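Asker: Structure below; questions to follow.
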Amino acid sequence: MTGTGQPWSTREMMTVAAARALRDGTTCFVGIGTPSTAANLARATHAPDLVLVYESGTIGAKPDRLPLSIGDGVLAETATTVVSVPEIFNYWLQPGRIGVGFLGAAQLDRYANINTTVIGSYDDPRVRLPGAGGAPEIAASCGEVVVVVAQSRRTFVERVDFVTSVGFGDGPGHRERHGLRGRGPSQVITDFGVLRPDPASCELVLTELHPGATPEQAREATGWDLRVAPDLRTTEPPSARELEVLRAIEATAAPRAGAAP
Amino acid sequence: MARVLGLAEAVADLVHDGDTVAVEGFTHLIPVAAGHEVIRQGRRDLTLVRMTPDIVYDQMIGAGCASRLVFSWGGNPGVGSLHRFRDAVQNGWPRPLEIEEHSHAGMANRYVAGASGLPFGVLRGYRGTDLPAHTATIATVTCPFTGEELTAVPALNPDVAVLHAQQADRDGNVQLWGITGVTKEVALASRRVLFTVEEVVDTLEPRPGGVVLPSWVVDAVVEVPGGSAPSYAHGYTERDNDAYRAWDAVSRDRDAFERWLHETVLDEVTS
Chain A
5 MTGTGQPWST REMMTVAAAR ALRDGTTCFV GIGTPSTAAN LARATHAPDL VLVYESGTIG
65 AKPDRLPLSI GDGVLAETAT TVVSVPEIFN YWLQPGRIGV GFLGAAQLDR YANINTTVIG
125 SYDDPRVRLP GAGGAPEIAA SCGEVVVVVA QSRRTFVERV DFVTSVGFGD GPGHRERHGL
185 RGRGPSQVIT DFGVLRPDPA SCELVLTELH PGATPEQARE ATGWDLRVAP DLRTTEPPSA
245 RELEVLRAIE ATAAPRAGAA P
Chain B
3 MARVLGLAEA VADLVHDGDT VAVEGFTHLI PVAAGHEVIR QGRRDLTLVR MTPDIVYDQM
63 IGAGCASRLV FSWGGNPGVG SLHRFRDAVQ NGWPRPLEIE EHSHAGMANR YVAGASGLPF
123 GVLRGYRGTD LPAHTATIAT VTCPFTGEEL TAVPALNPDV AVLHAQQADR DGNVQLWGIT
183 GVTKEVALAS RRVLFTVEEV VDTLEPRPGG VVLPSWVVDA VVEVPGGSAP SYAHGYTERD
243 NDAYRAWDAV SRDRDAFERW LHETVLDEVT S
């Protein structure tokens with residue numbers, strides 16, 4: 005952890021933890037950025053048969069370098085098949101053929117609802133963000149959703165300003181009432197640890213802490229009264245192999261310019 | 003039958019003030035040169051339609067061509083935000099931009115309905131999100147067979163589609179391959195179709211997975227080698243990732259943008 009003498013950064017720990025959330029042989033609908041880095045790390049380490057699906061229509065992409073965007077040519081060149089955009093959403097995502105949806109967030113709340121649309125009011129936004137893209141239907145239709153996002157009070161808010169993609173809505177029964185077919189978010193992976201929904205209340209609970217972080221730090225970086233699991237575990241630190249592969253993958257992508265999102 | 007024209011002539015003929023225009027392309031095959039010609043010809047009050055408005059739409063919005071944007075994700079892919087788009091939405095510069103916002107699945111189905119000659123598309127989408135409260139073109143429909151409540155989105159039928167492909171033949175038949183996005187649906191949904199192509203060839207060789215749009219659904223073909231730069235044309239050109247990164251700095255500042263607009267687009271002379 006940066007500043008604590010660990011030989012890896014908090015971002016690297018987050019990416020490694022996100023990669024480990026992907027099981028071999030599953031099918032994953034991948035967003036760009038950290039989800040894509042983590043998915044490619046998983047494929048290069050413990051999950052060689054992970055099927056990567058990007059919304060550009062590339063199914064089974066096997067890129068040998070990190071794509072800069074979801075329509076990068078390396079995805080089309082290495083895919084099992086390339087289909088049109090209407091087909092990827094209508095035939096592949098909507099009927100529930102994709103096991104895991106892998107998403108980022110600009111804001112996230114205690115029920116894992118995601119905002120990537122606006123900060124502030126919709127009609128007079130403080131910050132206009134890119135918008136929904138494929139995320140609402142990924143969150144609704146994939147078997148489960150893994151969210152990867154750096155944790156801060158700006159991002160982890162009491163209530164998202166706009167629900168772009170539904171996590172658990174306002175709590176138990178919400179997804180069912182809206183006919184959402186996937187199970188919803190199973191893990192939220194941050195630079196402090198891993199949050200999982202309480203099976204009864206659907207509220208996110210800190211269940212895992214990365215080495216070097218404290219529960220107080222994680223609570224301080226959260227805009228609601230974050231619950232900590234009584235049996236809080238410590239994440240296995242990145243292995244030498246995971247770090248080596250991650251750094252090799254990241255070296256294939258040029259640095260990002262300017263500010264995300 | 004498609005006519006093979008010069009770029010200035012094709013844009014003057016097919017793109018008019020006040021039109022609903024779909025300059026499409028899904029990271030791949032984005033008709034950037036044609037977008038710049040629309041700016042040069044000073045088109046105004048356009049409704050710009052596109053799933054993924056990226057830097058060419060940022061440029062057209064910054065140049066004042068657009069009064070409305072219909073979209074599902076507006077960003078500089080892999081880099082960050084569109085600052086001219088943000089400035090128009092947040093500050094009304096250079097003019098206010100009304101937005102109509104969807105998800106990718108919603109936009110894709112709007113084009114499918116448009117191409118199919120149907121009044122609306124149906125999908126399992128948007129439920130539980132805040133999008134329906136802010137977008138008038140999202141409604142619900144009850145399945146007449148099961149009673150299930152689904153989402154309905156109206157067909158999109160742009161006045162004109164501006165698209166890019168790898169090849170056309172001299173009769174104006176067009177072929178594209180690689181990531182095909184929504185190109186086929188947009189072409190078939192639109193009233194007029196303008197394609198820029200990397201190359202006009204004597205004979206089209208059918209490609210596995212390729213999309214062919216026959217001449218009689220295309221109005222004009224323009225040969226513009228490199229016409230999708232800085233995006234790419236699979237088999238012809240590479241994506242210029244540095245240009246996407248460089249755009250971030252140019253677009254953050256109104257003066258830097260206006261200098262860029264004059265030096266790169268307005269003072270450029272084309273055929």
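Heads up: the sequence lines are chains A and B, in that order.
Residue numbering for the first sequence follows the working numbering, starting at 5 and increasing by one per position.
Residue numbering for the second sequence follows the working numbering, starting at 3 and increasing by one per position.
Here a beta-carbon is modelled for each residue, glycine too, at the ideal position from N, C-alpha and C.
What you are looking at is a predicted structure, and each value in this text was computed from that prediction instead of being measured.
#1: Between which two residues does the beta strand (DSSP E) carrying PHE87/B extend?
#2: Residues in the segment 127-139 of chain A with C-beta within 9 Å of chain B's C-beta atoms, listed in sequence order?
#3: Could you tell me the alpha carbon to alpha carbon distance between ALA21/A and ILE36/A, rounded to whole angstroms?
#4: Does the count of Cβ pairs from the segment 157-165 of chain B and the segment 192-210 of chain A closer than 8 Å reach three?
#5: Going by the beta-carbon positions, is the gap between THR131/B and VAL149/A smaller than 8 Å?
#6: Can at least three beta-carbon pairs, one atom from the segment 95-113 of chain B and one from the segment 180-193 of chain B, be found at a separation below 8 Å?
#7: I'd like to check one pair, LEU199/A with THR159/A: are the Cβ atoms closer than 8 Å?
#8: Measure from the alpha carbon of SER13/A to the alpha carbon of each residue in ILE253/A, LEU133/A, PRO215/A and GLY124/A, then state which is nearest.
#9: Check GLU102/B in the structure and name its three-state DSSP category.
#10: Assuming the contact rule is C-beta atoms closer than 8 Å, LEU230/A and ARG223/A should be a hit. Round their C-beta distance to whole Å, please.
#11: Give every residue of the same chain whose Cβ lies closer than 8 Å to the Cβ of GLN221/A, excluding the five residues on either side of it in the sequence, and list them in chain order.
#12: Cα separation between GLY100/A and GLY186/A?
#13: Got a sec, what are the start and stop residues for the beta strand (DSSP E) PRO234/A sits in?
#14: With a threshold of 8 Å on Cβ separation, who are the neighbours of ALA138/B within its own chain once the five nearest residues in sequence on each side are excluded?
#15: Among ARG27/A, LEU45/A and THR49/A, which has the Cα closest to the Cα of THR256/A?
#16: Based on DSSP bridge pairs, tell me the residues matched to SER169/A.
#17: If you draw a straight line from the alpha carbon of THR226/A to that of LEU208/A, how long is it in whole angstroms?
#18: Are the C-beta atoms of ALA144/A and some chain B residue less than 8 Å apart?
#19: I'd like the ranges of any beta strand (DSSP E) spanning at least 3 consecutive residues and lying wholly in the segment 90-178 of chain B.
#20: State the CB to CB distance for the pair GLY75/A and ILE181/B, rounded to an integer number of angstroms; the pair is presumed to be in contact (CB under 8 Å).
#21: Note down, in chain order, each residue of its chain lying with its Cβ closer than 6 Å to the Cβ of ALA80/A, except the 5 sequence neighbours on either side.
#22: Among LEU247/A, ASP174/A, GLY183/A and GLN155/A, which one has its Cα closest to the Cα of LEU210/A?
#23: Could you name the residues of chain B that ALA80/A contacts, counting a contact when the two beta carbons are closer than 8 Å?
#24: Got a sec, what are the start and stop residues for the beta strand (DSSP E) SER230/B sits in?
#25: If we call anything under 8 Å between Cβ atoms a contact, is PRO96/B one with GLY77/B?
Answerer: Taking the geometry as given:
#1: Position 85 of the second sequence, counted from the first residue, corresponds to residue 87/B. Counting along the chain, PHE87/B sits inside no beta strand (DSSP E); it lies in the alpha helix (DSSP H) bounded by residues 85-93.
#2: Of all residues in the segment 127-139 of chain A, ASP127, ASP128, PRO129, ARG130, VAL131, ARG132, LEU133, PRO134, GLY135, ALA136, GLY137, GLY138 and ALA139 have a Cβ within less than 9 Å of some Cβ in chain B.
#3: Here residue 21/A corresponds to residue number 17 of the first sequence, with the count starting at 1. Here residue 36/A corresponds to residue number 32 of the first sequence, with the count starting at 1. Answer to the nearest angstrom: the Cα atoms are 17 Å apart.
#4: No: fewer than three Cβ pairs fall under 8 Å.
#5: Translated into the one-based positions of the second sequence, residue 131/B becomes position 129. Translated into the one-based positions of the first sequence, residue 149/A becomes position 145. The answer is no: Cβ separation not under 8 Å.
#6: Yes: the two stretches touch, three or more of their Cβ pairs being nearer than 8 Å.
#7: Here residue 159/A refers to the residue found at position 155 when the first sequence is read from its first residue. Here residue 199/A refers to the residue found at position 195 when the first sequence is read from its first residue. THR159/A is not a Cβ neighbour of LEU199/A, given a cutoff of 8 Å.
#8: As a position in the first sequence, residue 13/A is number 9, starting the count at 1. Proximity to SER13/A across ILE253/A, LEU133/A, PRO215/A and GLY124/A peaks at PRO215/A, based on C-alpha coordinates.
#9: Taking the second sequence and counting its residues from 1, one reaches residue 102/B at position 100. When DSSP states are grouped into helix, strand and coil, GLU102/B belongs to the strand group.
#10: Position 226 of the first sequence, counting from 1, holds the residue named residue 230/A. Position 219 of the first sequence, counting from 1, holds the residue named residue 223/A. Between ARG223/A and LEU230/A the Cβ distance is about 5 Å, and since that is below 8 Å, they are a contact.
#11: The residue you call residue 221/A lines up with position 217 of the first sequence. PHE196, listed in sequence order.
#12: As a working note, residue 100/A is residue 96 in the first sequence. As a working note, residue 186/A is residue 182 in the first sequence. Answer to the nearest angstrom: the Cα atoms are 7 Å apart.
#13: Taking the first residue of the first sequence as position 1, residue 234/A is located at position 230. From DSSP, the beta strand (DSSP E) with PRO234/A extends over 231-238.
#14: Taking the second sequence and counting its residues from 1, one reaches residue 138/B at position 136. Around ALA138/B: GLU102.
#15: Indexing the first sequence from 1 puts residue 256/A at position 252. Distance from the Cα of THR256/A is smallest, within the candidate group ARG27/A, LEU45/A and THR49/A, for LEU45/A.
#16: Residue mapping note: residue 169/A aligns to position 165 of the first sequence, counting from 1. Answer is ILE118/A, bridged to SER169/A.
#17: On the first sequence, residue 226/A is found 222 positions in, with the first residue counted as 1. On the first sequence, residue 208/A is found 204 positions in, with the first residue counted as 1. Rounded to the nearest whole angstrom, the CA to CA distance from THR226/A to LEU208/A is 11 Å.
#18: Residue mapping note: residue 144/A aligns to position 140 of the first sequence, counting from 1. Yes, its Cβ sits closer than 8 Å to a Cβ of chain B.
#19: Listed in chain order, the complete beta strand (DSSP E) runs (minimum 3 residues) inside the segment 90-178 of chain B are 100-103, 122-125, 141-144, 151-156, 162-171 and 176-178.
#20: If you number the first sequence from 1, residue 75/A lands on position 71. If you number the second sequence from 1, residue 181/B lands on position 179. Indeed they touch by this definition, with Cβ atoms about 5 Å apart.
#21: Residue numbering aside, residue 80/A sits at position 76 when the first sequence is read from its first letter. Only THR62 and VAL86 meet the Cβ criterion.
#22: Here the question's residue 210/A lines up with position 206 in the first sequence. Here the closest residue by C-alpha is GLN155/A.
#23: Within the first sequence, residue 80/A is the residue found at index 76, counting from 1. The answer, in chain order, is HIS30, GLY180, ILE181 and HIS236.
#24: By 1-based counting over the second sequence, the position of residue 230/B is 228. Where SER230/B is concerned, there is no enclosing beta strand (DSSP E), given that its DSSP letter is neither H nor E.
#25: The count along the second sequence starts at 1 and reaches residue 96/B at position 94. The count along the second sequence starts at 1 and reaches residue 77/B at position 75. In this structure, GLY77/B does not lie closer than 8 Å to PRO96/B by Cβ.
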